[in-house]
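Trainee:
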Amino acid sequence: MHRFANPAQFNRLADVILPWAIGAMVLLFGAGLYYAFWASPPDYQQGESVRVMYIHVPAAWLAMFTYMVTAAASFTALVWRHPLALLAGKAAAPAGAVFTALALLTGMLWGKPMWGTFWVWDGRLTSVLVLFFLYLGYMALWQAIDDEEKAGRAASILALVGVVNIPIIKFSVDWWSTLHQPASVIRLDGPTIDGSMLTPLLLMAGAYQAYFVVVFLWRMKLEINRRKLSVARQAMMHAPVGAE
Amino acid sequence: MMDPLTIPGDVKFSSSVRVSGSALACRRGGRQVFENLNFAVQAGDFVRLSGKNGSGKSTFLRCLAGFLPFQNGEFSYCHGDDVHRALNPDDFLLSGHQNGLKPNFTLRENAKFFAKLMTGTAPRADTLGHAASVFGLGALLNEPVQYFSSGQRHRAALMRFALVSRQVWLMDEPTVGLDAENRAVLAQLIVAHKARGGIIIAATHDPMDVPGDTLDMDAFQTRNSVVDEDWL
Amino acid sequence: MMDPLTIPGDVKFSSSVRVSGSALACRRGGRQVFENLNFAVQAGDFVRLSGKNGSGKSTFLRCLAGFLPFQNGEFSYCHGDDVHRALNPDDFLLSGHQNGLKPNFTLRENAKFFAKLMTGTAPRADTLGHAASVFGLGALLNEPVQYFSSGQRHRAALMRFALVSRQVWLMDEPTVGLDAENRAVLAQLIVAHKARGGIIIAATHDPMDVPGDTLDMDAFQTRNSVVDEDWL
Amino acid sequence: MNQSNTPSHASIFTAIVRRDVSLAWSQGGGSLLALGFFLIAVSLFPFGVGPAPQVLARIAPGVIWVVALLAAVISLDRLYQADFEDGSLDDLMVSPLGTLGIVTAKVLAHWLSTTLPLALLAPALAVLVNLPDGAYGTLFISLIIGTPALSLIGSVGAALTVAVRRGGVLMLLLILPLYVPTLIFGVGAVDAVISLTDPMPHLALLGATTLVATVVGLLASAAALKLAME
Amino acid sequence: MNQSNTPSHASIFTAIVRRDVSLAWSQGGGSLLALGFFLIAVSLFPFGVGPAPQVLARIAPGVIWVVALLAAVISLDRLYQADFEDGSLDDLMVSPLGTLGIVTAKVLAHWLSTTLPLALLAPALAVLVNLPDGAYGTLFISLIIGTPALSLIGSVGAALTVAVRRGGVLMLLLILPLYVPTLIFGVGAVDAVISLTDPMPHLALLGATTLVATVVGLLASAAALKLAME
Ligand code: HEM
Ligand SMILES: Nc1ncnc2c1ncn2[C@@H]1O[C@H](COP(=O)(O)OP(=O)(O)OP(=O)(O)O)[C@@H](O)[C@H]1O
Ligand SMILES: Nc1ncnc2c1ncn2[C@@H]1O[C@H](COP(=O)(O)OP(=O)(O)OP(=O)(O)O)[C@@H](O)[C@H]1O
Ligand SMILES: [Mg+2]
Ligand SMILES: [Mg+2]
Chain S
56 MHRFANPAQF NRLADVILPW AIGAMVLLFG AGLYYAFWAS PPDYQQGESV
106 RVMYIHVPAA WLAMFTYMVT AAASFTALVW RHPLALLAGK AAAPAGAVFT
156 ALALLTGMLW GKPMWGTFWV WDGRLTSVLV LFFLYLGYMA LWQAIDDEEK
206 AGRAASILAL VGVVNIPIIK FSVDWWSTLH QPASVIRLDG PTIDGSMLTP
256 LLLMAGAYQA YFVVVFLWRM KLEINRRKLS VARQAMMHAP VGAE
Chain Y
314 MMDPLTIPGD VKFSSSVRVS GSALACRRGG RQVFENLNFA VQAGDFVRLS
364 GKNGSGKSTF LRCLAGFLPF QNGEFSYCHG DDVHRALNPD DFLLSGHQNG
414 LKPNFTLREN AKFFAKLMTG TAPRADTLGH AASVFGLGAL LNEPVQYFSS
464 GQRHRAALMR FALVSRQVWL MDEPTVGLDA ENRAVLAQLI VAHKARGGII
514 IAATHDPMDV PGDTLDMDAF QTRNSVVDED WL
Chain C
314 MMDPLTIPGD VKFSSSVRVS GSALACRRGG RQVFENLNFA VQAGDFVRLS
364 GKNGSGKSTF LRCLAGFLPF QNGEFSYCHG DDVHRALNPD DFLLSGHQNG
414 LKPNFTLREN AKFFAKLMTG TAPRADTLGH AASVFGLGAL LNEPVQYFSS
464 GQRHRAALMR FALVSRQVWL MDEPTVGLDA ENRAVLAQLI VAHKARGGII
514 IAATHDPMDV PGDTLDMDAF QTRNSVVDED WL
Chain R
81 MNQSNTPSHA SIFTAIVRRD VSLAWSQGGG SLLALGFFLI AVSLFPFGVG
131 PAPQVLARIA PGVIWVVALL AAVISLDRLY QADFEDGSLD DLMVSPLGTL
181 GIVTAKVLAH WLSTTLPLAL LAPALAVLVN LPDGAYGTLF ISLIIGTPAL
231 SLIGSVGAAL TVAVRRGGVL MLLLILPLYV PTLIFGVGAV DAVISLTDPM
281 PHLALLGATT LVATVVGLLA SAAALKLAME
Chain B
81 MNQSNTPSHA SIFTAIVRRD VSLAWSQGGG SLLALGFFLI AVSLFPFGVG
131 PAPQVLARIA PGVIWVVALL AAVISLDRLY QADFEDGSLD DLMVSPLGTL
181 GIVTAKVLAH WLSTTLPLAL LAPALAVLVN LPDGAYGTLF ISLIIGTPAL
231 SLIGSVGAAL TVAVRRGGVL MLLLILPLYV PTLIFGVGAV DAVISLTDPM
281 PHLALLGATT LVATVVGLLA SAAALKLAME
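Residue numbers (this note's numbering), protein chains in the order written: chain S, 56 to 299; chain Y, 314 to 545; chain C, 314 to 545; chain R, 81 to 310; chain B, 81 to 310.
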């Protein structure tokens, strides 16, 4: 456990992974976008607008995935007081907020042709909006308290409270019959979606995932360096006793 | 003024109690406030915490009360052979910079609530009256605290020590704003508590007329800078 | 630490200033706080207000500052031959129980605003730096006040006296929470102000190492109960 | 220990609940503020929206529930902040009852003194906004079931922001999104009755929300409060 | 006097306005709270009332104005109270500027930092509640004319209740009834445009209300504040 507690060690690990992740991201986005916009058929029902799906669905998946990462980091930080875990949550959250915003926006754009309205107050949509506010609250708490340690732990408590929302997002479509369609890929009895659509979807999901890894590691390194700098600055400021 | 020695429900505290710490350190807001602090007190001891402004007296008291964790070192609260890692809430009283009084409530209501909060039972009327009289607050018992002068308010906060019987007293600047007469009463109260086997740790800049040790917080300031080496 | 005597923009105050009152009385919350108070101070005087808790020291200072009316008697502020019925806002500074600092603002922002509020102009950087150094706050100028220890906060409030030049200083418990070193600085600051022809009226329970008179508020307590004859 | 009898936790608990209720109702307490806000805000709506009965009736359940939410939020600002500022939170936290007990007592007191009275007042205010006749009972029941969740969820936000000076906005941002399920199920139940369908599924979900809020809210508040004391 | 030059009142005035604006926008200040409240409260209405566009459009002007009023009231609680509690009101009151100047500076700062931004944010929020297209301009103008009155009238209530600890309720009860004329003329102007009649009479009355509030509000606030310091 404490092998990773060492920020220097983590930095080295990140330096090894980052180039590979960037490479994977570029390749997957290239292939995914090609399949999504050129090499896949339009839907017999939805026509060309089905292509929004390849942006929308992975964004929604990653929004939830990132939240779980943040929550797991928060749990680790609160229970084991792991210093890097706090930073992990802080590094992941903005990416999650972006994914959530993307899922909301693409969903709204898609909703206009599909349902004839940008927005309905159904369980799925509402709970995703709540997810977005949770990300904002998490980041705002980090900002609001000056003591980093304290700020991080307060934000972590909020992140754990918000975990309740994740199953609601996932299962709201099953619990309430609403406009939004139920899961067709991630389900117990296997995907029910056609292969020609599944390929670009999975490629795009992989691309988003790689993008997340890149952003996450990058921000972790940034946070670690910032922390280093402030430790060093404090060391300088308070060097001799009673220097005032 | 009644004799503060005769606190109702007076008990002799266990003489086998010992509070000690070695190599204690505390950080606050990312800064090392004190480090390498060693101390030991036992039943019947009075310790005066001294030190410059910002040397960490209040911080140390809050650590002892369990609000802040010690980042380092070993703290122990021994009760005969029982060793605990923190003071037991049933065994200490704390008075801090703020006085914890509700301005709308009368002194009586404030005192009653404090006693109930700490012991679960309302104080007897005579206990309460006596506790108030220690600091000469008898006449103010039915006045809302918001009309008190600053010294009266501070005395109202100190009343807790005469109201609830606990072995360890943690006092942050108990002499602030007290007039000469009440400083003498405070000293008497502490001496009486010592005699009962109580332990008093008091942070103050004023001299106090009580025999005991001094723990100088200036001695535990960080000599070399805080470098959390993990981060470099 | 710099010499507090050398306050920038130092002036010699008019020596013809005299503040006095005769048979003053004040009521608060329906109670007579003091009555029959006579006093007179002039340029270069230090007066220590003493008296028991609740004897009306803070109340008297707030009357002088014009917050509360005197219910009785004659107050006068003479400037040569000019006689006023109240202190002129341009001529005095007050520090009370609360310190008037905004916790979110840094010490520098707080001090700058105070100077602008009182004089209309921002203080020069060196004036501000010097004023901070008087109470050893130089290193804390850019820290938000909310992270100060209680003594540091109180020193930050006292900084106003080194920042803005006014003849009359009204100080309510200026020594509270100060460590020994800073009490000495405060005494020096007051002595220097006296030498400039300043007037200092300070309510405190602590001894202060400044030559001057003592005004004992205990002497002006109501002997018989408050009977408002208008109502009879 | 030294005490011959260890303090009774039940009576400490009761003492705190009583104190908080009486503080909330004393001059300047939060309950009257919340009720006053509820009353005045609801009665401003006919001025704002115009007195046309069918428009008012259409929006009545929503207005009542939304304003009740806002009133609860306003009173929450001081749930822990007031005790924190005057130092009595220190005393509470070192009491033998322990943090979880303290939090439970304070939330219960908040419900009893502030959010429950909102529920009791609501039917009277519903007249002002012309709620359809059959819906009064359901409005009342939905509020009775839903208001504990308002206190519980609010407690988390209040505890998380104690350490932040005047953290009001932040609290708003943290709490209101979490109130959304309560709001939706609450209004859903009343609307169901108005449109002559079954309100039970809504009420059941509302109850479930309150139950989840009880567990999560109390634990999270206790953790947040400990953190704030550092 | 001793000072060679008497202090410039204009620059003291500016210093206070600046300080108050920056405090209001700093962490935990009242402006963000009011704007956050405005934003969240308005967006809760579609949850509560349901998203039916024509219902929302019908109540849009009223909802925006009522919630703006409530947001202003929330921020007023601290207009003088915060300075009173930390002792800086003492300093303000003994400054050479004098009480009327202080009050004017603080009310101006409140308008600039809090109620004016409400007016600026309103058109954006109007989208959420589906305000009819032609009414955005009038909504905006009515708020620009009306918001100074919110700060001015609010200041009287805030000053009267400084001395009363946490006098929130009292303030609410004092202020909100006085807000009713502003509310009626403000909503009246917007409704007039929607129903294709002339909004000018409403706007003129709104302006008159604000003028009266200026004179009466400043004088009454100054008097109340002096009283509070005793
Ligand atoms: C703002 C509006 C919307 C939001 C917030 C939203 C949210 C989500 C979320 C969170 C998921 C992931 C669900 C899971 O993994 O179980 C998802 C999946 C999906 N969404 Fe949306 N959505 C919106 C609008 C739409 C619209 C308008 C459509 C098309 C009619 C749509 C079609 C889909 C599809 C096909 C999936 C994939 C389901 C699967 O195969 O698992 N969404 N959406
Ligand atoms: N706001 C108030 N309203 C009514 N009475 C008050 C108020 N403040 C103080 N008093 C009363 O006025 C009397 C004088 O109070 P004051 O604060 O002037 O005393 P003090 O001499 O400064 O005491 P201390 O040494 O405790 O600071 C006290 O009896 C007090 O109860
Ligand atoms: N809430 C806080 N967050 C961060 N730092 C703090 C906080 N409170 C105090 N400090 C810092 O911790 C140090 C110790 O403060 P503390 O209050 O313990 O000093 P003290 O010895 O009690 O001083 P005083 O004599 O002034 O009361 C100070 O340098 C102070 O700036
Ligand atoms: Mg201290
Ligand atoms: Mg006093």
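Glycine included, C-beta positions come from ideal geometry on N, C-alpha and C.
Keep in mind the model is a prediction, meaning the values are calculated, not measured.
1. Where do the N-terminal and C-terminal ends of the alpha helix (DSSP H) with L219(B) fall, by residue?
2. Note down, in chain order, each residue of its chain lying with its Cβ closer than 7 angstroms to the Cβ of S182(S), except the 5 sequence neighbours on either side.
3. Which word fits D394(C), buried or exposed, when buried means at least 16 other C-beta atoms lie within 10 angstroms of its C-beta?
4. Would you kindly work out how many angstroms separate the C-alpha atoms of G109(R) and V249(R), rounded to a whole number?
5. Grab the span of the beta strand (DSSP E) containing M80(S) for me, first residue to last.
6. Is V346(Y) close to ligand 3? I mean its beta-carbon at under 7 angstroms from any heavy atom of the ligand.
7. Go through its chain and collect everything with a Cβ distance to N455(C)'s Cβ below 7 angstroms, but skip five positions before and after it.
8. Would you kindly work out how many angstroms separate the C-alpha atoms of S155(B) and A104(B), rounded to a whole number?
9. Under 8 angstroms, Cβ to Cβ, is there at least one residue of chain Y near N423(C)?
10. Taking C391(Y) as the reference, give the member of K325(Y), V489(Y), L502(Y), V332(Y) with the closest Cα.
11. Locate the alpha helix (DSSP H) running through V354(C), then write down its first and last residues.
12. On the premise that T488(Y) lies in contact with D519(Y), defined as a C-beta separation below 8 angstroms, what is that separation, rounded to the nearest angstrom?
13. Which residue marks the beginning of the beta strand (DSSP E) containing A336(Y), and which one marks its end?
14. Taking Cβ positions only, does E165(R) come closer than 8 angstroms to chain S?
15. Given that G178(R) touches chain B, what residues does it touch there, using C-beta distances under 8 angstroms?
16. Would F127(B) count as contacting chain R if we go by Cβ distances under 8 angstroms?
17. From N417(C) to V242(R), what does the alpha carbon distance come to, in whole angstroms?
18. Pull out every residue of the region 217-230 of chain B whose Cβ sits closer than 7 angstroms to any Cβ of chain R, in chain order.
19. Quick one, which residues of the region 485-518 of chain Y are near chain C if we go by CB-CB under 9 angstroms, in chain order?
20. Residues in its own chain within less than 8 angstroms of G214(R) by CB, not counting five upstream and five downstream?
21. Mapping the DSSP letters down to three states, classify S389(C) as helix, strand or coil.
22. Within 8 angstroms (strictly less), CB to CB, does R138(R) reach chain B?
23. Which term fits W145(B), buried or exposed, when burial requires 16 or more other beta carbons within 10 angstroms of its beta carbon?
24. Identify the continuous beta strand (DSSP E) that holds S408(Y) and give its terminal residues.
25. Any heavy atom of ligand 5 closer than 7 angstroms to the beta-carbon of A516(C)?
26. Between R468(Y) and chain C, is there a C-beta pair that is closer than 8 angstroms?
27. Per DSSP, what are the beta-bridge partners of V396(Y) in this structure?
28. Would T432(Y) be called buried (16 or more neighbouring beta carbons within 10 Å of its own) or exposed?
29. Counting C-beta neighbours from all protein chains within 10 Å, is the total for A95(R) 16 or more, i.e. buried, or is it exposed?
30. Are the C-beta of V216(S) and some C-beta of chain R separated by less than 8 angstroms?
31. From the DSSP secondary-structure annotation, give me the bridge partner or partners of D492(Y).
32. So which residues on chain C does Q465(Y) lean against when the C-beta distance must stay under 9 angstroms?
33. Where W544(C) and G386(C) are concerned, what is the direct C-alpha to C-alpha distance, given to the nearest angstrom?
34. Can we count E310(B) as close to ligand 5, meaning its CB is less than 7 angstroms from some heavy atom?
35. How is L309(R) classed by DSSP in three states: helix, strand or coil?
36. So, is A288(R) buried or exposed, given that buried needs 16 or more other C-beta atoms within 10 angstroms?
Mentor: Taking the geometry as given:
1. What you label residue 219(B) is simply residue 139 of the fifth sequence in a count that begins at 1. Taken as a continuous stretch (DSSP letters only), the alpha helix (DSSP H) holding L219(B) covers 216-240.
2. Against the first sequence, residue 182(S) aligns to sequence position 127. For S182(S), same chain residues with a beta-carbon under 7 angstroms away, outside a window of 5 residues either side, are N220, I223, I224, S227 in chain order.
3. Position 81 of the third sequence, counting from 1, holds the residue named residue 394(C). Classification for D394(C): exposed.
4. Numbered from 1 along the fourth sequence, position 29 holds the residue referred to as residue 109(R). Numbered from 1 along the fourth sequence, position 169 holds the residue referred to as residue 249(R). Cα to Cα, the separation comes out at about 20 angstroms.
5. Against the first sequence, residue 80(S) aligns to sequence position 25. It is not in any beta strand (DSSP E) - M80(S) instead sits in the alpha helix (DSSP H) that spans 62-92.
6. Position 33 of the second sequence, counting from 1, holds the residue named residue 346(Y). Yes, ligand 3 has a heavy atom inside 7 angstroms of this Cβ.
7. Residue numbering aside, residue 455(C) sits at position 142 when the third sequence is read from its first letter. Taken in chain order, the residues that qualify are T419, R421.
8. Position 75 of the fifth sequence, counted from the start, is the residue given in the question as residue 155(B). Position 24 of the fifth sequence, counted from the start, is the residue given in the question as residue 104(B). About 9 angstroms.
9. In the third sequence, residue 423(C) corresponds to position 110, counting from 1. With respect to chain Y, the C-beta atom of N423(C) has no partner C-beta closer than 8 angstroms.
10. Along the second sequence, read from residue 1 onward, the residue named residue 391(Y) stands at position 78. Nearest Cα to C391(Y) within the set K325(Y), V489(Y), L502(Y), V332(Y): V332(Y).
11. Taking the first residue of the third sequence as position 1, residue 354(C) is located at position 41. Run containing V354(C): none in the alpha helix (DSSP H); it sits in the beta strand (DSSP E), 344-355.
12. The count along the second sequence starts at 1 and reaches residue 519(Y) at position 206. The count along the second sequence starts at 1 and reaches residue 488(Y) at position 175. Right, their Cβ atoms sit about 4 angstroms apart.
13. Against the second sequence, residue 336(Y) aligns to sequence position 23. 330-341 is the span of the beta strand (DSSP E), which, as asked, contains A336(Y).
14. By one-based count along the fourth sequence, residue 165(R) stands at place 85. Contact with chain S is absent for E165(R), since none of that chain's Cβ atoms lies less than 8 angstroms from the residue's Cβ.
15. For this step, residue 178(R) is matched to residue 98 along the fourth sequence. What G178(R) touches in chain B: nothing, since even the nearest Cβ is about 28 angstroms away.
16. As a position in the fifth sequence, residue 127(B) is number 47, starting the count at 1. At a cut-off of 8 angstroms between beta-carbon atoms, F127(B) makes contact with chain R.
17. Along the third sequence, read from residue 1 onward, the residue named residue 417(C) stands at position 104. Along the fourth sequence, read from residue 1 onward, the residue named residue 242(R) stands at position 162. N417(C) and V242(R): Cα-Cα distance of roughly 15 angstroms.
18. Result list empty, no residue passes.
19. Taking 9 angstroms as the Cβ-Cβ cut-off against chain C, the residues of the region 485-518 of chain Y that qualify are D485, E486, T488, V489, G490, L491, D492, A493, E494, N495, R496, H518.
20. In the fourth sequence, counting from the first residue as 1, residue 214(R) sits at position 134. Non-local C-beta neighbours of G214(R) in its own chain, meaning closer than 8 angstroms and more than five positions away in sequence, comprise V273, I274, ordered along the chain.
21. Translated into positions along the third sequence, residue 389(C) becomes position 76. S389(C) sits in a strand when the DSSP states are folded into three classes.
22. Locating residue 138(R) in the fourth sequence gives position 58, counting from the first residue. With a threshold of 8 angstroms between beta carbons, R138(R) makes contact with chain B.
23. Along the fifth sequence, read from residue 1 onward, the residue named residue 145(B) stands at position 65. Around the beta carbon of W145(B), 16 or more other beta carbons lie within 10 angstroms, which makes this residue buried.
24. Position 95 of the second sequence holds residue 408(Y). In the DSSP assignment, S408(Y) falls within the unbroken beta strand (DSSP E) covering 405-408.
25. Along the third sequence, one-based indexing puts residue 516(C) at 203. Set against 7 angstroms, the gap from the CB of A516(C) to the closest heavy atom of ligand 5 is smaller.
26. Reading the second sequence from its first residue, position 155 is the one you call residue 468(Y). Taking Cβ atoms only, chain C reaches closer than 8 angstroms to R468(Y), which makes this a yes.
27. By 1-based counting over the second sequence, the position of residue 396(Y) is 83. Paired residue(s): C391(Y).
28. In the second sequence, counting from the first residue as 1, residue 432(Y) sits at position 119. The residue in question, T432(Y), is buried, as its Cβ has 16 or more Cβ neighbours within 10 Å.
29. As a working mapping, residue 95(R) is identified with position 15 in the fourth sequence. When all chains shown are included, A95(R) counts as buried.
30. Position 161 of the first sequence, counted from the first residue, corresponds to residue 216(S). Answer yes: the Cβ-Cβ gap between V216(S) and chain R drops below 8 angstroms somewhere.
31. Walking along the second sequence from the start, residue 492(Y) turns up at place 179. Beta-bridge pairing by DSSP links D492(Y) to no other residue.
32. Position 152 of the second sequence holds residue 465(Y). Within chain C, the residues N366, G367 have their CB atoms less than 9 angstroms from the CB of Q465(Y), given in chain order.
33. Numbered from its first residue, the third sequence carries residue 544(C) at position 231. Numbered from its first residue, the third sequence carries residue 386(C) at position 73. A caution first: W544(C) carries a pLDDT of 48, below 50, which makes its placement in the model unreliable, though a value can still be read off. Distance between W544(C) and G386(C), taken at the CA atoms: about 20 angstroms.
34. As a position in the fifth sequence, residue 310(B) is number 230, starting the count at 1. Distances between the C-beta of E310(B) and the heavy atoms of ligand 5 are all 7 angstroms or more.
35. Locating residue 309(R) in the fourth sequence gives position 229, where the first residue counts as 1. What sits at residue 309(R) in the sequence shown is Met, not Leu. In this structure, M309(R) counts as coil in the three-state DSSP scheme.
36. Counted from its first residue, the fourth sequence places residue 288(R) at position 208. Classification for A288(R): exposed.
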